[in-house]
Structures are given as structure tokens and as C-alpha cells.
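Residue numbers (my numbering), protein chains in the order written: chain E, 5 to 116; chain V, 69 to 182.
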């Protein structure tokens, strides 16, 4: 069973751009890559989703190379409120059923 | 307001006493799922449901039951809770289960089994 792999933790400073990379070697052809943000004692919150190349919304960008075996979440000009755990999510084929595999999460700490 | 609700939010119980955690969504989503979250282990899927009357096991289904009799509700049942089921539980829903995985999560239920 393939897994996603993310750095356990990262530090950065307010105003910097932060890039978090996730590897997912067994991504299925029709699956999307999705990133979530979670604050303590809250449920995860959807950030961004993509299938290939680059996707951008009002809070983040997602870069996906042609082979789709990895993805990078980019947070521009972070603030203290971006301190959270970030999860990478992809679909994982198991037999004829799809099972969601969550990464272990990256704890991002933003310093003043 | 589009949301996923869970009840109760906090529950302390004793080993072996059956309990049910309710989950309801008002977005007409087909897909619903239960997760547990433990320190250092991220989110692990317990059960999921692709639609009414269709449920499947996730990563850690042992000791849990679910049912999906209506589209909006997906209760999690612990027939005989044990201390190793002490955890933070999240219910989630999404429009569909394949491909696109934009899930909406409930606020969580913190369960303690003594």
C-alpha cells in the first residue's frame, strides 16, 4: 500500500513564501490531489485541489509535475494565522475500490 | 448554512457501554466518512459510504459499525467501546467519492473510554 510522504514539520517567518511538498508514487489516473489545513481541535479545512500542472486560488497555489508523483503546496506571504498542520490527500486504488490515504501531515510554524 | 454536524462533541464513557455518535450533513452529498485522529498518527479512515445503503471499511474498522439509511445521516456505532478507542473522531462528507475529494468536516467528537 503506497503512502504519501510529507515533511513532519517546517518553520518560516511572517511574509515569506512557504512550499510544502508531498510525494505520492501510486496516484491513480483519475484521482485529484487535495490539500487540507487543520487547526488544533478543529476538523480539517479544504485549501486547494488539482489534477495536473498548476492551480491557484485566493489562498494558495498547487504545483503538480507531469508524472504526478508529487505535489507542492505554496503559501504566499504567510502570517502567524497560517500556523497549522497541512495534509496532502490523494486517492489510492485497492482492488476495485478506492481508498483515501492521508499523509501524516506537516506541522507548519510561522514565527514573527 | 452548509455544514456537517456531529453529536455529542464530548463523551466520556466506560468500557463495554454501547454508544452512537451521530453525523448529519445538509449538502445532499453522496459520500460520507468517519475518521479518527490520534496524536502522531494523522487521520485514519474508519468507514466510508459512497451512497445510501453502501458502506465500506477504511483503514481501521475493527470495533466500529456504521449505517447509511438516509443520505444525510451516517452514525458511528461502538457496540462495546474499549480504552483504545479513546480518540478524536471526525465525520466528513463530499459531493462524490471518486476523483474529487473536497471534503467538509464536522467539528469533531472527543471520546474518552475508561
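In this text, a Cβ means the ideal position worked out from N, Cα and C, and glycines have one as well.
Pop quiz: residue i and residue j are said to be a contact at Cβ under 8 Å. What is the actual Cβ separation, rounded to whole angstroms?
i                      : j                     : result
residue 75 of chain E  : residue 37 of chain E : 5 Å
residue 58 of chain E  : residue 31 of chain E : Rounded, the Cβ-Cβ distance is 17 Å, inconsistent with contact.
residue 149 of chain V : residue 88 of chain V : Actually they are not in contact, since the Cβ atoms of residue 149 of chain V and residue 88 of chain V sit about 11 Å apart, beyond 8 Å.
Could you check the C-alpha separation between residue i and residue j for me, to the nearest Å?
i                      : j                      : result
residue 164 of chain V : residue 142 of chain V : 15 Å
residue 44 of chain V  : residue 104 of chain V : For chain V, the structure presents residues 69 to 182; residue 44 of chain V sits outside this window and is missing.
residue 182 of chain V : residue 25 of chain E  : 39 Å
residue 71 of chain V  : residue 101 of chain V : 14 Å
residue 21 of chain E  : residue 64 of chain E  : 10 Å
residue 15 of chain E  : residue 54 of chain E  : 25 Å
residue 2 of chain E   : residue 113 of chain V : This structure cannot settle anything about residue 2 of chain E, because the visible part of chain E is limited to 5 through 116.
residue 80 of chain E  : residue 23 of chain E  : 9 Å
residue 108 of chain E : residue 158 of chain V : 16 Å
residue 71 of chain E  : residue 172 of chain V : 28 Å
residue 116 of chain V : residue 96 of chain V  : 16 Å
residue 40 of chain E  : residue 73 of chain V  : 19 Å
residue 93 of chain E  : residue 86 of chain V  : 32 Å
residue 112 of chain E : residue 82 of chain E  : 10 Å
residue 151 of chain V : residue 107 of chain V : 15 Å
So residue i contacts chain E; which residues on that side make the cut at Cβ distance below 9 Å?
i                      : result
residue 211 of chain V : Given a span of 69 to 182 for chain V in the structure shown, any question on residue 211 of chain V remains unanswerable.
Quick one: list the residues of chain E neighbouring residue i, beta-carbon separation under 7 Å, in chain order.
i                      : result
residue 174 of chain V : 47
residue 158 of chain V : 47
Using the beta-carbon of each residue, which ones in chain V are nearer than 7 Å to residue i?
i                      : result
residue 108 of chain E : 110
residue 17 of chain E  : What residue 17 of chain E touches in chain V: nothing, since even the nearest Cβ is about 26 Å away.
residue 90 of chain E  : Within chain V, no residue comes near residue 90 of chain E; the closest Cβ sits about 11 Å away, beyond 7 Å.
Taking residue i as the query, report the chain E residues whose CB atoms sit under 8 Å from its CB, ordered along the chain.
i                      : result
residue 170 of chain V : 38, 50, 53
For a test of your reading of the model: does the CB of residue i fall under 6 Å from any non-hydrogen atom of the ligand MN? Yes or no.
i                      : result
residue 122 of chain V : The model depicted lacks the ligand MN and carries no ligand whatsoever.
Ignoring anything shorter than 3 residues, give me the beta strand (DSSP E) runs that lie fully in the stretch 121-166 of chain V, in order along the chain.
122-125, 144-146, 155-162
Tell me the start and end of each unbroken alpha helix (DSSP H) in the stretch 17-99 of chain E that is at least 4 residues and wholly inside, in chain order.
none
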